[in-house]
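**Student:** The structure that follows is given in the form of structure tokens.
In the numbering used here, the protein residues as written are 45 to 269.
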């Protein structure tokens, strides 16, 4: 539809989604009226370059934690209108999807805690308003919050902007009483240290908001008559 503009444009995929490609590889072949292809060229390339960048960065993070058992997650920090595509790109890169929307799960963050008055009250209000099937996750940036969230009965703890040493200390405190996710300060140089500190779920916002675009071009060839 992007390239077609009304007249049929045939697209033959040469490289399946999620494949590793070398420089110069042909990803797809378009066959159709030139003016319709050119009308959609920039939009097609913008999407392919951006989404390929997300998949490529995700694959790099997945490789960085290989062998630890940790999984790489995305976040809701996506481009408006492109969330489904960006999250698909994360899966193509070997990552997993976090929430698609606010109704997928409850994540209590710092502003919610301020509004409710405490972690305990925030969790209580969330439990009272939510479906019984929704898990409640609490963002914690210090050990005292971890303890409070555990006492409040949180299902998942999000350890935010902690060092690997702090994460390891929190895991000792949690002792299997809740699932644990780690986020904040994760990059390709540090992510393995967090995984080795015990983090099994590592969420990286950069996958969808800061991944550099991949250089992809569209080259025309005249059809032989």
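Note that the Cβ used here is the ideal one computed from N, Cα and C, for glycine as well. All figures in this text were calculated on a predicted structure; none of them were measured in a lab.
For the alpha helix (DSSP H) holding residue 94, just list the boundary residues, first then last.
**Tutor:** 78 to 108
**Student:** Tell me the start and end of each unbroken beta strand (DSSP E) in the segment 171 to 242 that is at least 3 residues and wholly inside, in chain order.
**Tutor:** 180 to 184, 200 to 204, 223 to 227
**Student:** Using a Cβ-Cβ cut-off of 6 angstroms (strictly less than) and excluding sequence neighbours within five positions of residue 249, which residues of its own chain qualify?
**Tutor:** 119, 121
**Student:** Just list the residues that DSSP pairs residue 71 with in beta bridges.
**Tutor:** Paired residue(s): none; residue 71 is not in a bridge.
**Student:** Of all the options 268, 267, 265, 260, which has the alpha carbon lying nearest to the alpha carbon of residue 65?
**Tutor:** The option with the nearest alpha carbon to residue 65 is 260.
**Student:** By DSSP's criteria, residue 245 is part of a beta bridge. Which residues make up the other side?
**Tutor:** 115, 225
**Student:** Where does residue 164 sit, in a helix, a strand or coil, going by DSSP?
**Tutor:** helix
**Student:** Run through the DSSP bridge pairs and tell me what residue 57 is partnered with.
**Tutor:** Note: residue 57 sits in a beta bridge opposite 72.
**Student:** Would you say the segment 83 to 92 touches the segment 102 to 115, given that touching needs at least three Cβ pairs under 8 angstroms?
**Tutor:** Inter-segment contact for the segment 83 to 92 and the segment 102 to 115 is absent: fewer than three beta-carbon pairs are separated by less than 8 angstroms.
**Student:** Counting only the same chain and skipping the five closest in sequence on each side, list residues whose C-beta sits under 6 angstroms from that of residue 97.
**Tutor:** The beta carbon of residue 97 is closer than 6 angstroms to those of 255, 256, 257, 258 in its chain, skipping five residues each way along the sequence.
**Student:** Pop quiz: residue 198 and residue 211 are said to be a contact at Cβ under 8 angstroms. What is the actual Cβ separation, rounded to whole angstroms?
**Tutor:** Not confirmed; about 17 angstroms, so no contact.
**Student:** Distance check for residue 227 and residue 204, CA to CA, integer angstroms please.
**Tutor:** 5 angstroms
**Student:** Using DSSP with H/G/I as helix, E/B as strand and the rest coil, what is residue 135?
**Tutor:** helix
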